[in-house]
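First residue of the sequence shown? That's 2 in this note's numbering, and the numbers climb one at a time after it. Note that CB positions come from ideal geometry on N, CA and C, so glycine has one too. Because the structure is a prediction, the values reported are computed rather than measured. Data first, discussion second: the structure below is written as structure tokens.
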Amino acid sequence: MLADLRVLHVPSSDTNVLPPVILQLGADRYLFNVGEGTSRSSTQRKANLSRVSNIFISRVAWEAIGGLPGVLMSMADGQRPSEAVYGPESLRYALATMRTYAKRDIMKLHINEIPAQSASSTSANKQSTSPEPEATPFFSDDNLSIYAVPLLPTNASQRASKKQKLDTQRPITPSAATLDKVDKLWRKPYFNPSSLQGQEAQAWIQLVSDSIFNDSLLQKRQQQQSTTNTEAVPDASMSGKLVSSTDDVETDDADVSQAPPSSHSKPLSPWRPPLSPAFVTRLLPHPHTDTRNISADQSDIAQGGQAPVLAYICEAHPQRGKFDPLKATQAGVPPGPSFAALTKGEDITFNRPVSWPSMQADERKKWIQSQRGAQRAGAGVATNKPKPNGKQNAKENAKDAQDPTPASWSQLEEVLVKSTDVVGPSRAGAVVFHMYLPSVAYIDDLLGESVSATFSPYTAHANTHLPKEQSRTPHAIVHAVPLDVLQDARYRKWMRLFGPGCHHVIANYDVCANKLMFPSSATIPLRLSKLDDVMFKVPQYQLAPRFSLDALSSGAAAEFPLKLVAAEADQVIPLHPRGEPKRYSSGAPDFDWPVQSEQADKFAAFQFDVAEETEQQAQQLAKAKAKNNTNPKVKTQKPRNSATATEDVSADELGAVRNMRLREARKQAWEEYLNVVAKIKASSSTRSAGLAPEKDILVTTLGTGSAAPSKYRNVISTLIQTPSSGNILLDAGESTYGLLRRKFGCRRDGTAAESGSLVGQDVDDILREMRVLFISHIHADHHIGLIRLLLERRKLQPKSEKPLYLVGTGFVHNYLEEYEQIEKLGLDEDVILVLNDHLDHQTGVDPNPAANAATSSNTANGNAREQRARHEHVSHVESIKTLTGLSAIHTARVVHRGSHCYGLVLRHATEGWSVTYSGDTRPAPELIAAGRDCTLLIHEATLEDGELEMAIGKGHSTFGEAIRVGHEMGAQNILLTHFSQRYPKMARSSLFALGDQGGQGGKNVPIALAFDMVTYPLSQFSKIQGYTPAMEALFAADTEGDEDVVVGAGEAGADGAAGAGGKAEEKGQQGKQQQSKGKSTKGSAVAAATSLGVVAASNGEAEQEAIAHKAEQDLKSSTSDAATWSERYVRKGMKPSEWRYIGLRFSPFPSSSTLPTILPSFVLDVVHTAQTSTLGNAGGAYNVDILSTHSCALDQGKSWDAVLRVEARHGQDLVTSLSMLPSPTVQDKKIRLRVVGPTTAVQTLQNLFF
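Structure below.
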């Protein structure tokens, strides 16, 4: 069985101190630690985490579990039935704190806590004369056994000796009676879990953690839904609509229990019991023990976090030796079940002749054959065979008469044959250690007597008498330890215990080069830097480590040098068979050259032969090239026999050809991009440079994606740096701190000097000067990075002199207060929690003067708790204004899934700037009212305009809707962000055609698209919009987001461009699939042009077939000299949902002039030109129908409209192609072309024109 160890990423500016490591044995995978960025690394490195069945946590701390919510939700969404997580105590509590934002009802999560008892602290209780007990694995399956070794720092071990409750064995799980008691309590309306203590508190935490990911909840939900729909329910609490657990995370009882109604209070709505304990959002009880490492040494990296850590020993099961059938037969063992038993390691007894030692070889053979025949006859094997004919019976009878049973066979004896007599020696399984020591304080415990006894069977001394195949010494040890631990002579002496053949993989900030862990996202600023090398700057990275391991590998008194290896991303250590560490080719681009180098320029220009391509893909590409060179002709008919189909080009080879042609298309796009860049720079050379950075508002879009991170876009987070108001952070998706550190560097590790920060701030300065941190809502992609931000801010030296105001919902505040019991976040020091609803621009403590006075006056009434909260928030608002110089800080309710979603509006008192942030929302009237006339609107634009139905269903905005919100709001500048990950680099949309129209009054509003880790000065937004044509030219060739794009098998055309085509999977009347193939760039363009039906308004199948047939005949006649004509795709029986409609409006320019009649032939030429100019870049050739051309009645016939119809999968491609066209002309008159759509209905086009 093959086995290897893979390091997914290493400590760097992007990631934290604990790298995720995957142990693979056969088809099974085991994941060790899930820090922030693990999910994104799995996408970047093509590591399929869906095959991970067990997760092991070294420490209940954010560096080990920060990425666990995202990974678990991704697994559940991938329909994984179950998952198991193992870790120290408090693991359940940590998972329970995630219940408001990370739960699914389609996957069962098994949580296993390992006692966090120091092994060395109990060694004194053992008699020194007693033999060493055999260690018991806490986990074992068919592949391996895993042992956990708890470790405590010195100061915690000293406290443990004084506090017996930390040392004594206690039940981790409460009793069944306690669980049953608490299980009845939570269903009552006045249940307050924070008041529980002891075993009841533990029972509640177990119930909550077990129900976060619980597949039994799905069945319960379906049963309740069925009951609600089919039966009359008298109780109003059961008549409400049941919603998905992914949405129902925001209940109205966020942090307080409902008090009994009084005669003077308003009647409460009928109470509905929660679906499960995970839906009870009131505060958890405190853990039964406080195992945090609260030390006086603030510089200790482990200070404030959980003291217990776990080291893991992973040992694959021994492999049985090779069975020797010759020895077995020489002992008289007949083949069959006896062989199988011996192979399994079992001893057998059987009868054989007493004279067996003196028997001749032929006689022994006959006896074994007779025994085998008897076994088969007894098993009924002979009855299944056809009966022999008469002649065969006669021959067999004669043979039996001639060969009677020898008399010596009648005397038998019972013989024992041991498995070890016929099976070779077993081979020891692969052994791997995973060590995590946060500081030198853990070394004493590691060297303690009991811990040493656990590791002793794996030392070189304990295995000296064993053959190499049976040695249990580890082949690799992963050391996630800081440099001071590695430099400690005691630790290096411990490392030498495991012999000279062990590979020590070191992972820390000092020995690992600070390379880019997510390099794909850096390719965008690398190429856009040709446009603006200040705004689009590649984040800082270093190719050499700060500390070399050479000095530590050997010592003066060392018997042998240690095999020290610095960990790196995509590093693989083969375990069986054993091998040296090597790099795994995941296809991620390697930035192993300086940014200012010839290699960087070649990479940017797509001149590397292999870019983002695995070794296997490169081999397939070479094979496809060779086949094209040797066999230029391609079969035109699809083989009917599946056996012969394998002889044609395989899907992998087609994919390789696609990569080759995509690179060629990208090279062409690069040349066009450089031409556009030259024109932009020439036209903007006289423009003003804007304000100085220290006087400007700097908006840095750290993450710009939605839902889940991708290799190009991280989840949402936006930093605003102001001249006098400090720093403001809008949302904090996973890995936000890593993005800040990568973008701005850190002076402590010397990376700040290379960051190119416009105002000279490094990540510590940004955290120290952060005044407001706003979390829009509880969805995970907006706040999972919040905990690490607070942890790192608390470690600052010197600390911030001013507080941080954390504005969020009660759900955010609750889980932070709960997690404070796991690690110190500074909530009781200088982090002040502010509720979103108390800042509401209408009903908050400081309402907008323009808001309705009656509405705000109604909020003055409320219970005593509410009044106290409002009084506190009055003080908070005044403090924020004094601290930042803001005249207003308001929130506005927005329209998203859930009832507690807010946008934010900031207005400065003296500097005149204002910023509005939407969060996740549909177009929201309250946000428009609150952000009226703002300087900058940062609005989500998750989906393109053609995905309106999806946007409505998911509670998001389209590009056009976001821009219209800005126009209606009167925003002076618009920044679009939070893009769906289906648009990996840049959404191909004609949104700027809408922007060019201007808002009310014809005002042209600058609009910019956000990219990760790009800083946008507010004073330069008008210049940023001018960059749009260059961006569209650069990304025109990227079809990575399209699943259907597959190249044809044709050769390159005469102009050297690669051919392109499209793969279509359409359901016809018989459900058949046919493939559209193109010959070359020129030939495919002709195919596209001639297949346009000029007035094909009917959906009739006969007319469609006639049009397609005529197009095919025309194409064949026009390309009669082509030898590689492939059969065309005929559209038959397509459903209305498989079409998309696109509208074109041709308007005169200037508007005072008039246009001649626009004929279908002219529209045909425009479409032909659009496809030809972008062919191979934006989807290739495809069929387009021109349904109508008519004059527009709205402007007395000055403009003309055309309606196009195209297959759904090509709708956006056609819009992109048309949007990139320069202004067409007809009869020497310039025309302004406007493109709307694609839409699913013709009627919708007319609405989009307004």
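For residue 967, the three-state DSSP class (helix, strand or coil): helix
Residue 292 classed as buried or exposed, judged by whether at least 16 other C-beta atoms fall within 10 angstroms: buried
Spatial distance of residue 78 from residue 107 (CA atoms): 8 Å
Run of the alpha helix (DSSP H) containing residue 10, from where it starts to where it stops: Looking at the DSSP string, residue 10 is not in any alpha helix (DSSP H), and its letter there is neither H nor E.
Whole runs of the alpha helix (DSSP H) within the stretch 40–87, excluding any shorter than 4 residues: 63–66 and 69–78
C-alpha distance - residue 182 paired with residue 283, whole-angstrom precision: 19 Å
Residue 89 - DSSP class collapsed to helix/strand/coil: strand
Proximity test, residue 771 beta-carbon vs the ligand MG heavy atom, cut-off 6 Å: With respect to small molecules bound, the structure shown includes none, and the ligand MG cannot be examined in it.
Buried or exposed (CB count within 10 angstroms, at least 16 for buried), residue 1068: Because the pLDDT at residue 1068 is just 33, under 50, the model does not fix this residue reliably, and the point stays unresolved.
Buried versus exposed call for residue 191 [16 or more other C-beta atoms within 10 Å across all chains shown]: exposed
Delimiting residues of the beta strand (DSSP E) encompassing residue 351: 349–354
Residues of its chain near residue 1154, where Cβ-Cβ distance is below 7 Å and the 5 sequence neighbours each way are ignored: 1230
Extent of the continuous alpha helix (DSSP H) run through residue 445: 444–447
Alpha-carbon to alpha-carbon, residue 416 and residue 374: 20 Å
Beta-carbon proximity check, residue 454 vs residue 154, cutoff 7 Å: no
Per-residue DSSP class, three states only, for residue 1201: strand
Beta-carbon separation (whole angstroms), residue 941 vs residue 919, contact threshold 8 Å: 5 Å
Which of helix, strand or coil DSSP assigns to residue 464: helix
C-alpha distance - residue 781 paired with residue 40, whole-angstrom precision: 13 Å
Residue 561 burial status per 10 Å Cβ neighbour count (16 or more: buried): exposed
Length of the line joining the Cα atoms of residue 437 and residue 186: 40 Å
Expected contact under 8 Å - CB spacing of residue 1147 and residue 1159 to nearest Å: 6 Å
For residue 198, three-class secondary structure by DSSP: coil
Alpha-carbon to alpha-carbon, residue 7 and residue 1267: In the structure displayed, the chain extends from 2 to 1251; residue 1267 sits before or after that span and is not available.
Distance CB(residue 585)-CB(residue 566) smaller than 7 Å: no
Residue 671 in three-state terms, based on DSSP: helix
Length of the line joining the Cα atoms of residue 315 and residue 795: 35 Å
Segment contact, 8 Å Cβ cut-off, at least three pairs: the stretch 78–91 with the stretch 54–61: yes
Backbone secondary structure at residue 4 - three-state DSSP: strand
C-alpha gap between residue 496 and residue 94, whole angstroms: 34 Å
Backbone CA spacing between residue 866 and residue 20 [nearest angstrom]: 45 Å
Entirely enclosed beta strand (DSSP E) segments - the stretch 877–941, minimum 3 residues: 887–894, 903–909, 915–918 and 937–941
Contacts around residue 420, its chain only, beta-carbon distance under 7 Å, and the 5 residues preceding and following it disregarded: 343, 346, 347 and 348
Burial state of residue 462 (16 or more Cβ within 10 Å): exposed
Backbone CA spacing between residue 1227 and residue 1212 [nearest angstrom]: 26 Å
Contact belief for residue 753 with residue 745 at Cβ below 8 Å, rounded distance in angstroms: 7 Å
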